[in-house]
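Quick notes on the structure that follows.
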Amino acid sequence: MFTPHYDLHSHSTASDGTLSPTELVQRARAQGVDVLALTDHDTTAGLAEATLAAQEVGLRLVPGVEISVTWNGVTVHIVGLNIDSRNEVFQAGLAGLREFRAWRSEEIARRLAKAGIEGALEGARVFSKGQILSRTHFARFLVQQGHAKDMRKVFGKFLTHNRPGYVPGEWASLADAVAWIRAASGQAVIAHPARYKLSATRLRMLIAEFKDCGGAGLEVVSGSHSAGDAQGMAQYAMRFELAASSGSDYHGPEQPWLELGQSPPLPAGCRAIWEDWAA
Ligand code: AMP
Ligand code: MN
Ligand code: MN
Ligand code: MN
Numbered sequence: 000m001f002t003p004h005y006d007l008h009s010h011s012t013a014s015d016g017t018l019s020p021t022e023l024v025q026r027a028r029a030q031g032v033d034v035l036a037l038t039d040h041d042t043t044a045g046l047a048e049a050t051l052a053a054q055e056v057g058l059r060l061v062p063g064v065e066i067s068v069t070w071n072g073v074t075v076h077i078v079g080l081n082i083d084s085r086n087e088v089f090q091a092g093l094a095g096l097r098e099f100r101a102w103r104s105e106e107i108a109r110r111l112a113k114a115g116i117e118g119a120l121e122g123a124r125v126f127s128k129g130q131i132l133s134r135t136h137f138a139r140f141l142v143q144q145g146h147a148k149d150m151r152k153v154f155g156k157f158l159t160h161n162r163p164g165y166v167p168g169e170w171a172s173l174a175d176a177v178a179w180i181r182a183a184s185g186q187a188v189i190a191h192p193a194r195y196k197l198s199a200t201r202l203r204m205l206i207a208e209f210k211d212c213g214g215a216g217l218e219v220v221s222g223s224h225s226a227g228d229a230q231g232m233a234q235y236a237m238r239f240e241l242a243a244s245s246g247s248d249y250h251g252p253e254q255p256w257l258e259l260g261q262s263p264p265l266p267a268g269c270r271a272i273w274e275d276w277a278a
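Per numbering that gives the first Met the number 0, the sequence shown runs over residues 0 to 278.
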């Protein structure tokens, strides 16, 4: 029997990935992915191109998104899968987040200027081909200018809590993000739940609240999870009767340690989120 290969979390140049939607889809196909979700941050602008490219290479493209959420002061990402991107409630929600992003990018640049780094907004824009600016674009600019050695160091030096280019702020609420995804007939999934470094108590709170809001699943297998993380998150998915998802969180070939479609299978006992998808 044919078992399709799923990768349900990836980024294109529509947000902070470095491959165009077409290049991303082609690479996914070459890596043996049969079902790919494009999940750009707070935008669906890459979906039309990705859908066309997918038809050409014979891959199933799952229309997706990754929504930025603030939950009890922590930034949490909620992936939406199989969303109907024409839905107006959903699109209005994303538009609000992009407005906050635009203001935040100006504020990042102002703060970096105070720290002696001029021209960051224009510099970051050079790396963005889409309608959003993310910290990733600032990071690429800062590395290019020699302010940090690599993409890992630059976040810790400039772009995280208490660093010169960090801007606190409120993204969507958890309830709103899930509601927007559901308004667009999609399934909501907590992205890379082990990455937030929450205590067991707080992680249980997050998952319980997410489930109450109508959340569908947890990303059990993720490019940013260890094997142990995946086992742990599988336990949570089973305990909370949530489906399990799997995605690389691919951003481009500049991260050679991560590839599309190379994730390990879901741990035994999980109910895969794609189980009830029509063929
Ligand atoms: P933003 O949504 O604009 O705040 O940017 C968040 C993005 O920055 C994430 O989706 C990652 O792609 C990237 N990112 C966040 N933290 C790090 C890190 N420590 N190292 C490398 N990339 C990171
Ligand atoms: Mn990203
Ligand atoms: Mn994320
Ligand atoms: Mn992501």
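Even glycine gets a Cβ: it sits at the ideal position worked out from N, Cα and C.
Neighbour-count burial assignment, residue i, 16 or more Cβ in a 10 Å radius
| i | result |
| --- | --- |
| residue 54 | exposed |
| residue 167 | exposed |
| residue 73 | exposed |
| residue 295 | Since the first residue of the chain shown is 0 and the last is 278, residue 295 is not available in this structure. |
| residue 2 | exposed |
| residue 264 | exposed |
| residue 102 | exposed |
| residue 260 | buried |
| residue 176 | buried |
| residue 198 | exposed |
| residue 117 | exposed |
| residue 222 | buried |
Option nearest residue i by Cα separation, candidates the options
| i | options | result |
| --- | --- | --- |
| residue 257 | 263, 231, 217 and 247 | 247 |
| residue 6 | 30, 216 and 210 | 30 |
| residue 68 | 93, 271 and 164 | 93 |
| residue 267 | 147, 115 and 244 | 244 |
| residue 112 | 229, 165 and 179 | 165 |
| residue 86 | 63, 33 and 102 | 63 |
| residue 150 | 226, 169, 135 and 104 | 135 |
| residue 48 | 106, 224, 4 and 129 | 129 |
| residue 227 | 214, 205 and 194 | 194 |
| residue 161 | 202, 239 and 114 | 114 |
| residue 76 | 192, 224, 236 and 50 | 192 |
| residue 154 | 170, 212, 274 and 137 | 137 |
| residue 236 | 200, 213, 271 and 100 | 271 |
| residue 232 | 174, 278, 171 and 203 | 203 |
| residue 4 | 144, 262, 276 and 172 | 262 |
| residue 173 | 214, 225, 276 and 90 | 214 |
| residue 205 | 34, 223, 224 and 241 | 241 |
Proximal residues to residue i (C-beta, below 6 Å), its chain only, five neighbours per side dropped
| i | result |
| --- | --- |
| residue 83 | 183 and 184 |
| residue 10 | 16, 39 and 250 |
| residue 108 | 119 and 120 |
| residue 239 | 206 and 210 |
Contact set for residue i: own chain, Cβ-Cβ below 8 Å, skip 5 residues either direction
| i | result |
| --- | --- |
| residue 140 | 119, 122, 123, 125 and 126 |
Chain-order list of residues whose beta-carbon lies under 7 Å from that of residue i (same chain, five-residue window excluded)
| i | result |
| --- | --- |
| residue 52 | 20, 21, 24 and 25 |
| residue 42 | 13, 14, 93, 97, 129, 130 and 131 |
Presumed contact (8 Å Cβ cut-off) between residue i and residue j, rounded CB distance
| i | j | result |
| --- | --- | --- |
| residue 45 | residue 13 | 3 Å |
| residue 36 | residue 61 | 4 Å |
Any non-hydrogen atom of ligand 6 within 7 Å of residue i CB
| i | result |
| --- | --- |
| residue 39 | For ligand 6, the structure offers nothing, since it holds only ligand 1, ligand 2, ligand 3 and ligand 4. |
> Just checking, does the stretch 184-203 make contact with the stretch 72-81 on the three C-beta pairs under 8 Å criterion?
Replying inline: yes
>> Could you check whether the stretch 237-254 touches the stretch 17-25, counting it as contact only if at least three pairs of C-beta atoms, one from each stretch, sit closer than 8 Å?
In response: yes
>> With a threshold of 8 Å, are at least 3 pairs of Cβ atoms found where one atom belongs to the stretch 218-226 and the other to the stretch 89-105?
In response: no
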